[in-house]
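If you're matching positions, the sequence shown starts at 2 in my numbering and goes up one per residue. From the three backbone atoms N, C-alpha and C, an ideal C-beta is built for every residue, glycine too. Data first, discussion second: the structure below is written as structure tokens.
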Amino acid sequence: MAGSPLPVADRPLVSPRTRATVRVRRSVGWVILGVLGLTMIFPFAWSLSTSFQGTDRLLQVPPQLIPESPTLDAYRRVAEVIPLVRIVINSIVVSVSVTVLQIVTSALAGYGLARFKFKGRQVLFLLYLGTLMVPSQVTIVPLFIGMSQLGWLNSLQALILPMIASAFGVFLFRQYFLQMPDEMEEAAAIDGAGPWRTFWKVAFPYARPVAATHGILAFMASWNSFLWPLFIARDEQSMTLPVGLASLHGRYQTDWNLVMAGSVIAVVPVILVFAAMQRHIAAGLLLGGVNR
């Protein structure tokens with residue numbers, strides 16, 4: 002019959018006007034994300050461009066993002082000014098060691114606080130969290146005195162051992178272990194596993210997402226650490242990359258292409274690690290922040 006309403010199944014679920022509004026909003030959102038992405042990428046792109054320019058091209062007007070005559074001279078000079086290979090190896094050794102040890106200590110502490118019932122457990126956990134509110138600069142002088150008394154100045158162990166504990170890592174692992182089903186531990190106990198075996202064979206494999214997340218964050222923090230290595234490791238045998246790059250700044254004049262070349266060398270490993278493992282960061286932080 003003419004004029005009769007359409008059946009419910011034949012009616013459009015969304016009006017054309019609503020669809021157009023959704024498309025406009027989505028387009029605006031993508032434009033905003035694109036602008037923000039370019040804003041974040043531009044400093045690295047500028048550093049990369051400057052590192053391939055000669056000294057005579059640095060102050061040209063107007064500046065050029067794409068060098069007319071790219072050269073690797075800045076990278077060669079960086080290797081001549083500082084012991085580049087040595088300090089890169091030092092940074093790798095320190096960062097990997099700190100990362101592995103932080104994962105182990107944080108997982109053990111988080112497992113104990115989450116799965117063992119003992120008096121004062123919550124108070125101890127709050128004390129752990131309280132250390133997050135203490136600036137790291139406050140502890141530098143006591144740590145320096147301790148390392149000096151141990152005779153560890155200008156040594157890699159002084160860069161590694163004070164950094165093996167992480168309150169943030171303990172928090173992540175504890176929150177994740179709180180979600181672990183009791184049946185997993187009960188099955189391990191039936192098989193005759195004690196606490197240590199249960200942790201290494203059951204709990205730690207269960208927490209691999211958080212271990213990956215914390216490992217990435219710990220590696221990036223250790224790789225970029227500057228203040229503590231500046232205090233404790235000043236000679237070439239123990240110097241790390243951030244401290245070495247700081248020496249490229251002259252007292253009266255700075256060759257910015259050298260600084261940018263060093264910055265590119267320092268940031269490339271972090272970008273590669275983050276790009277390869279970024280999905281673990283989001284997943285681990287999301288799951289680790291949920292409490293049962």
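- When 53, 179, 73 and 83 are compared, the shortest CA-CA separation from residue 67 is found for 53.
- Of the residues assessed, residue 46 falls on the exposed side of the cut-off, its CB having fewer than 16 other CB atoms within 10 angstroms.
- Taking a C-beta distance under 9 Å as the contact criterion, residue 145 and residue 42 do not qualify as a contact pair.
- When the Cα atoms are used, residue 80 and residue 86 turn out to be separated by approximately 8 Å.
- In this structure, residue 265 keeps its C-beta atom at 9 Å or more from the C-beta atom of residue 249.
- Distance from the Cα of residue 126 is smallest, within the candidate group 136, 138 and 112, for 112.
- Assignment of residue 215 by DSSP, reduced to helix, strand and coil, places it in the helix class.
- With respect to residue 98, residue 173 sits apart: the two C-beta atoms are not nearer than 9 Å.
- Around the beta carbon of residue 229, 16 or more other beta carbons sit within 10 angstroms, so the residue counts as buried.
- DSSP places residue 156 in the coil class of the three-state scheme, outside both helix and strand.
- In this structure, 222 is the residue among 77, 231, 251 and 222 with its C-alpha nearest to the C-alpha of residue 272.
- Taking the Cα of residue 105 as reference, the smallest distance to any Cα among 34, 175, 183 and 22 is reached at 175.
- Within a 10 Å sphere around the beta-carbon of residue 167 sit 16 or more other beta-carbons, which makes this residue buried.
- Cβ atoms of residue 178 and residue 116 come within 8 Å of each other, at about 6 Å.
- For residue 235, the secondary structure class from DSSP, reduced to helix, strand or coil, is coil.
- Under the DSSP assignment, residue 105 falls in the alpha helix (DSSP H) whose first and last residues are 85 to 116.
- DSSP places residue 176 inside the alpha helix (DSSP H), whose first and last residues are 168 to 178.
- When only Cα atoms are considered, residue 77 and residue 263 end up about 10 Å apart.
- Residue environment for residue 210: buried (at least 16 other C-beta atoms within 10 angstroms of its C-beta).
- In chain order, 237 place their CB closer than 7 Å to the CB of residue 84, counting only its own chain and leaving out the 5 sequence neighbours on each side.
- In the structure shown, the three-state DSSP call for residue 261 is helix.
- Residue 159 is not a Cβ neighbour of residue 129, given a cutoff of 9 Å.
- Annotation: residue 280 to residue 135 spans about 30 Å, alpha carbon to alpha carbon.
- Straight across, the Cα-Cα distance linking residue 197 with residue 267 is about 39 Å.
- For the set 217, 255 and 247, the Cα lying nearest the Cα of residue 275 is the one of 217.
- For residue 41, the uninterrupted alpha helix (DSSP H) segment begins and ends at 17 to 52.
- Under the 10 Å beta carbon count, residue 227 is surrounded by fewer than 16 other beta carbons and is classified as exposed.
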